[in-house]
Amino acid sequence: MNARREFTAQRFDYASFFFTGLTGGATFLILAILAIILGNILHNGWGAVSWRFITSGTQQDMFDVNKAGVLPMVFGTAARVILMTIFVVPIGVITAIYLTEYARHNSLSTRFTRGAVNNLAGVPSIVFGLFGLGFFIHFVGQNLDHFLRPTNAEPIWGKPAIIWASLTLAVMTLPVVIVTTEEALRAIPQGLREASLALGATKLQTIWRIVLPQALPGILTGGILSVSRAAGEVAPILMTGAAYYMASLPTSLADQFMDLGYHIFILSTQSPNIEQTRPILYGTVIVLLLLTFALNFVAILVRSRIRKQRRMLS
Amino acid sequence: MAARQAKRRCLAALIGQHDFNHLMQHTAPGENRTAGWMGIRRGHRARPLEWLVEKFIFLVSLSAILMIFLIFVFVGREALPIVFGRMNSSLVRKVIPPENLDQLTPRELRDYLELTEAQLGAMDRDTRKLLMELKVETAKDIPKDKDAAINTTSWRYLVFPYQWSDYERPVSIWQPISQIPKYNIAPLIIGSIKTTIIALLFSVPMAIGAAIFVSQLAPARVKEIVKPSVELLAGIPSVVLGFFALIVMASFLQSVGGYESRLNSFVAGIALGLAIIPVVFSIAEDALTSVPRSYTQAALALGSSRWQAAWHIVLPAALPGIFAAIVLGFGRAIGETMIVLMASGNASIVSWNGFDSTRTITATIAAEVMEAVVGGPHYRMLFMIGSLLFLVTFVSNLFGELFIHRLKSRLEGKAG
């Protein structure tokens, strides 16, 4: 009896108890903060979101609670994200295929390139914005104007536009797409490739029929995640194409556009009366969050399906 | 034989391979034929379509990689005149009387009037003279101030404090839109560092504590709740966090803390911390999970508690990964734009007090670049601080990669 009590007394370690509680508290705090943010936004904004709010707002006053809508911003954000995807996904996937399947793995140039790509994935978005401004607008755009219509002083391409914003975002997400695609390709067992080659398939046939279909879910996950990141990004488009206000939807690639994220920025910093425009602000935030969370949710779904498949295979 | 050679030449012309004949000689069995031009493997010459596709793949990836390197070039290019002191922003310029027009060489005239060759060529003599008279007129409007003659973009005025004519003591001041533009970067750098440190102090202990809890101490069910939640937090766009800090958090924190300015680097730092929690948490959690399970099991078998195993065994083993998490979190925090633009107050003051309104490098770029004259001193200054930011994040990413690499080789070395 005595020995047993001594044993349990030694087993109870106050430091362990304390620190387990502390780290658990930190975990709980993170979850609580997330719940507070989302709860506050939903509580204040849910009433503002209606079908009219989402489908109107092209000609009306943007600060008028009863008339303002987010259609131009939803349209602008969707348009720039779709354009970006068209640019970035094929180029990113092809580059990743080259880097994993063709380039020699240990050569200095490949390692150097991979290092640069990895590193660029962490460079701030504002730097990409500067790049877009300096390269796309003032270099490509102005030269385009110069060649197409040298006599006309009014710039068409040499000013912020939706095409430049999309290209800037494409350059920004390119490293991310390359890195995630490379990971997905490298997760395919080497044995599959060898089996295909042994059966007489060429390298390209192996990539097209064996490697890519297997890696597709992984590539999709990475693509969707980078799209959702780009959808909420404001800093680069602030300089390359987003407009404060536009009376009509953009009709050409050289037009500026309104954007959900940029609109949140305007409403929270430049509103004439913050109390009155609060419902519009919260409503816009909810629409943007719905958009990005929906994309994230799809990505998580795709990924969990791959994991299940992998588990069943192994 | 002749027909075969003709066919070879045809093929060579078709696909533009000049060393085609040379390669055909190396077809002895056992010879390595796979290595080819820039890593594209040769062979399957019977399939020209595939060959073309492979070349296409190579070209696309080459241009993508070139594009990536172009970023370094184009951001740096705009900043170079400042770095090398070639920019002159002083308002006082040499004035040449219009009567001397005929004595000037075309090149001198062009430099003096700041025109391109084509613009100058399109003007007649009277227009040139008019422009020169205009120069004399504008020279009269220059403020009567001893500072007007200073080139404010030279390094001495960018880094060190200086006593401007209306000031009582030397100051570091960023004031690009004023009669005499002042571009001292000290307040911006201090603002960026101050806000980032607050963000790290707030988020790193919490994120790493949570990572230890989730990966080592908690039952698996907790992990299934926490990881998707952190991903949800990562999915919140930074402009939404900025909005939350500005509209909700700022007033709340002010009523609790009772400090003077509502928007300051403390508020911005907390919001920034929320943005980097997911980064720090997921990297640290990955590092802790990658430590072999057998380490923990051995410690538990020897009688240690779960916490002791986590603290004394797993954490030291995963330490490089923890460093990587902090360094990458730092890189993310110092480059974040929208949160600090909205929540930091944007006053460029030299102060290490966390409750003062502050202005960071990123917020300055975002707020001012559209107003700056393209190619002017202000524009180039913004690109200069942009390149500085680029450099800092690039180096911190490099260190992060290095730490992760070290973690991997360490675990592999021990496990093997």
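Order-wise, the sequence lines are chains C and V. Those letters in the first sequence? Residues 1 to 314, per the numbering used here, in order. Those letters in the second sequence? Residues 1001 to 1416, per the numbering used here, in order. Heads up, the beta-carbon is just placed ideally off N, CA and C, and yes, glycines get one too.
Apart from the 5 residues on each side of it in sequence, C:A243 sits with its Cβ closer than 7 angstroms to the Cβ of Q256, F257 and M258 in its chain, given in chain order.
DSSP places C:G141 in the helix class (H, G or I) of the three-state scheme.
Only those residues of the region 1278-1304 of chain V whose C-beta falls short of 8 angstroms from the nearest C-beta of chain C are listed: F1281. At a cut-off of 8 angstroms between beta carbons, C:H138 contacts chain V. Using a Cβ-Cβ cut-off of 7 angstroms, C:N273 is close to nothing in chain V; its nearest Cβ partner there is about 13 angstroms away. Distances from the CA of C:G69 to each of C:L288, C:I280, C:S304 and C:F297 were compared; the closest alpha carbon is that of C:I280.
Counting only the Cα atoms, V:I1225 lies some 17 angstroms from V:T1289. In this structure, DSSP gives V:G1345 an extended state, which the three-state scheme calls strand. Taking a Cβ-Cβ cut-off of 7 angstroms, the neighbours of V:T1362 in chain C comprise P124 and I126, given in sequence order. For V:T1360, the three-state secondary structure derived from DSSP is coil. Scanning its chain for C-beta atoms nearer than 7 angstroms, with the 5 sequence neighbours on each side dropped, one finds around V:K1135 the residues V1095, in chain order.
In this chain, V:K1146 is not harboured by any alpha helix (DSSP H), its DSSP state being neither H nor E.
Distance check between C:W208 and each of V:Q1103, V:V1392 and V:E1050 places V:E1050 closest, using alpha-carbon atoms only.
For V:N1397, the residues of chain C that pass the 7 angstroms Cβ criterion are N119 and G122, in the order they occur in the chain. Residues of the region 151-184 of chain C that bring their beta carbon within less than 9 angstroms of a beta carbon in chain V comprise P160, V171, L174, P175 and I178, in sequence order. Taking 8 angstroms as the threshold, the shortest C-beta distance from C:G232 to chain V falls below it.
Boundaries of the alpha helix (DSSP H) around V:F1330: L1319 to G1335. The C-beta of V:F1213 comes closer than 8 angstroms to at least one C-beta of chain C. Less than 8 angstroms separates the beta-carbon of V:S1172 from that of V:N1184. Interface residue (Cβ-Cβ distance to chain V less than 8 angstroms): C:L99 is classified as such.
Going by C-alpha positions, V:I1065 is about 36 angstroms away from C:I266.
Here V:Y1162 is bridged, per DSSP, to V:V1171.
For V:A1210, the nearest CB of chain C lies under 8 angstroms from its own CB, placing it at the interface with that chain. Contact check for C:V49 against C:G283 passes: the beta carbons are separated by less than 8 angstroms.
Taking a C-beta cut-off of 7 angstroms against chain V, the contacting residues of the region 16-37 of chain C are S16, F19, T20, L22, T23, G24, A26, T27, L29, I30, L31, I33, L34 and I37, listed in chain order. Looking at the backbone, the Cα of V:S1304 and that of C:F17 are separated by about 13 angstroms.
Straight-line measurement puts the Cα of C:A121 at about 25 angstroms from the Cα of V:Y1379. C:N40 reaches chain V at F1244 and V1248, counting residues in chain order whose Cβ is nearer than 8 angstroms. Contact between the region 1321-1334 of chain V and the region 1234-1244 of chain V is absent: fewer than 3 CB-CB pairs across the two stretches fall below 8 angstroms.
Within the same chain, and ignoring the five residues on either side of V:S1215 in sequence, the residues whose Cβ sits closer than 6 angstroms to its Cβ are E1285, L1288 and T1289. Taking a C-beta cut-off of 9 angstroms against chain C, the contacting residues of the region 1220-1233 of chain V are V1222, I1225, V1226, P1228, S1229, V1230, E1231, L1232 and L1233, listed in chain order.
Listed along chain V, no residue sits closer than 9 angstroms to C:D145 by beta-carbon distance, the nearest being about 14 angstroms off. Per DSSP, reduced to three states, the secondary structure at V:F1072 is helical.
Residues are counted here when their Cβ sits less than 8 angstroms from a Cβ of chain C; for the region 1099-1126 of chain V the count is zero. Residues of chain C whose Cβ lies closer than 9 angstroms to the Cβ of V:W1164 do not exist; the shortest such Cβ separation is about 28 angstroms. The beta-carbon separation of C:A184 and C:V88, rounded to 16 angstroms, does not stay under the 8 angstroms limit for a contact.
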